[in-house]
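**Q**
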DNA sequence: CCGTTTTAGGATAAATGTATCTCTAAGCCG
DNA sequence: CGGCTTAGAGATACATTTATCCTAAAACGG
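Residue numbers (our numbering), protein chains in the order written: chain A, 1 to 142; chain B, 1 to 142.
1. Going by the CB atoms, is the gap between residue 133(A) and residue 53(A) shorter than 8 Å?
2. Please report the distance separating the alpha-carbon of residue 231(B) from that of residue 60(B).
3. Out of 98(B), 109(B), 123(B), state which residue places its alpha-carbon closest to the alpha-carbon of residue 71(B).
4. Taking residue 32(A) as the query, report the chain B residues whose CB atoms sit under 7 Å from its CB, ordered along the chain.
5. Using a Cβ-Cβ cut-off of less than 9 Å, give me the residues of the stretch 83-113 of chain B that come near chain A, in sequence order.
6. Taking C-beta pairs closer than 7 Å, name the residues in chain B that residue 142(A) reaches, listed in chain order.
7. Taking only beta-carbon atoms, is residue 2(B) less than 8 Å away from chain A?
8. Can you name, in chain order, every residue of its own chain whose Cβ lies under 6 Å from the Cβ of residue 36(A), other than the five neighbours on each side?
9. State yes or no: is the C-beta of residue 65(B) within less than 8 Å of the C-beta of residue 55(B)?
10. By the criterion of Cβ-Cβ separation under 8 Å, what are the contact partners of residue 133(B) in chain A?
11. Residue 31(B) lies in the alpha helix (DSSP H); which residues open and close that run?
12. Quick one: which chain B residues come within Cβ less than 8 Å of residue 116(A)?
13. Which residues in chain B have a C-beta closer than 8 Å to the C-beta of residue 48(A)? List them in chain order.
14. Which residues in the same chain have their Cβ closer than 7 Å to the Cβ of residue 83(A), if we skip the five residues on either side of it in sequence?
15. Hey, is the stretch 77-93 of chain B in contact with the stretch 96-112 of chain A, meaning 3+ C-beta pairs nearer than 8 Å?
16. Run through DSSP, which three-state label would residue 64(A) get?
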């Protein structure tokens with residue numbers, strides 16, 4: 001479904017959102033906390049900052065933090081920033097140019113299920129998830 | 001969403017189902033018709049035959065054909081034979097052991113959308129698709 | 001100002017997925 | 001039987017993803 005990078009990015013974003021603490025958090029701390037390779041996670045956060053979702057600061061007491069409120073960042077934003085929009089736009093059979101004009105056999109069926117997927121991710125904010133995590137003590141690590 | 005191999009396998013299966021002709025069809029013919037690498041497609045059909053969905057015959061007038069009626073083969077069968085069941089079983093965040101007992105934050109949300117996906121593919125047979133293809137002249141190639 | 005900490009960015013290595021190649025086995029036909 | 005055709009199976013390239021490494025660049029603190 002998602003690339004490994006995207007899974008890591010989602011978990012990291014959910015972890016940050018679930019912290020009371022607002023301010024910079026080092027990527028090393030996040031990686032160690034979630035058992036994710038720190039250098040790889042650094043690359044992922046670069047995508048998130050370049051997409052405008054996060055901001056970063058170097059040096060001691062530096063790290064990453066949200067560029068806007070977690071209330072305003074959706075799971076869809078994170079997914080698209082890392083994996084791109086293909087999952088939500090491309091033909092499920094990989095046919096270039098598949099669309100209403102020249103649909104593949106699965107086009108109509110797939111449309112009915114892709115839209116709910118997109119809506120789910122686009123309507124769920126990091127703050128929503130953070131509340132669920134804190135209330136139900138949900139886990140972000142194995 | 002699906003691997004390239006799975007996209008190819010679905011297109012090939014839909015192509016075969018849409019043929020009136022029942023009997024062996026050579027993989028070379030399928031590959032050339034759908035613009036898919038013939039050696040790679042051969043590997044994919046090996047998975048489908050090993051999964052019991054197709055049967056094969058070597059030599060002239062050989063090729064591949066369905067092992068059971070296209071009325072009894074679903075898209076789900078093809079997908080699982082090629083990509084495995086992970087898409088329908090594994091945690092969307094990649095957490096091992098995620099389930100009702102120890103759910104990840106997305107578990108419940110995702111369950112609501114994964115089940116419809118699974119149902120869609122599991123309830124659509126190759127024969128269903130073949131009818132749609134013939135009626136609406138839908139395309140399987142770019 | 002200099003050493004330390006941290007992210008940024010490019011280059012490199014390992015792993016997986018995609019695609020090709022070669023040889024074998026099976027089936028057809030003369 | 002002998003030559004041709006086709007799928008099977010293993011080995012080999014190629015591409016992409018995943019993961020690591022190394023050198024900056026920026027920030028802090030003595």
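All C-beta atoms in this analysis are idealised placements derived from N, C-alpha and C, irrespective of residue type, glycine included.
**A** Looking at the coordinates:
1. As a position in the first chain, residue 53(A) is number 53, starting the count at 1. As a position in the first chain, residue 133(A) is number 133, starting the count at 1. Cβ distance not < 8 Å, so residue 53(A) and residue 133(A) don't count as in contact.
2. Nothing can be reported for residue 231(B): it is not among the residues displayed for chain B, which extend from 1 to 142.
3. Taking the first residue of the second chain as 1, we reach residue 71(B) at position 71. When only C-alpha atoms are compared, the closest one is 123(B).
4. Translated into the one-based positions of the first chain, residue 32(A) becomes position 32. Residues of chain B passing the Cβ test: none, with the nearest at roughly 17 Å.
5. 86, 87, 90, 91, 92, 93, 94, 95, 96, 97, 98, 102, 103, 104, 105, 106, 107, 108, 109, 110, 112, 113
6. Here residue 142(A) is taken as the residue at index 142 of the first chain, counted from 1. What residue 142(A) touches in chain B: 95, 96, 97.
7. The sequence position of residue 2(B) within the second chain is 2, counting from 1. True, the Cβ-Cβ gap to chain A drops below 8 Å.
8. Residue numbering aside, residue 36(A) sits at position 36 when the first chain is read from its first letter. Apart from sequence neighbours up to five positions away, the residues of its chain that approach residue 36(A) with a beta-carbon distance below 6 Å are 8, ordered along the chain.
9. For the purposes of this step, residue 65(B) is identified with residue 65 of the second chain, where counting begins at 1. For the purposes of this step, residue 55(B) is identified with residue 55 of the second chain, where counting begins at 1. Cβ distance < 8 Å, so residue 65(B) and residue 55(B) count as in contact.
10. Position 133 of the second chain, counting from 1, holds the residue named residue 133(B). By Cβ distance, chain A contributes 105.
11. Looking up residue 31(B) in the second chain gives position 31. That run of the alpha helix (DSSP H) goes 27-34.
12. Taking the first chain and counting its residues from 1, one reaches residue 116(A) at position 116. The contacting residues are 113, 116.
13. For the purposes of this step, residue 48(A) is taken as residue 48 along the first chain, with counting starting at 1. Ordered by position in chain B, no residue passes the 8 Å Cβ test against residue 48(A), which lies about 16 Å from the chain.
14. Within the first chain, the letter at position 83 stands for residue 83(A). So the list reads 2, 3, 6, once near-sequence residues are dropped.
15. no
16. Counting from 1 along the first chain, the entry for residue 64(A) is found at position 64. In the structure shown, residue 64(A) sits in a strand (DSSP, three-state: E or B).
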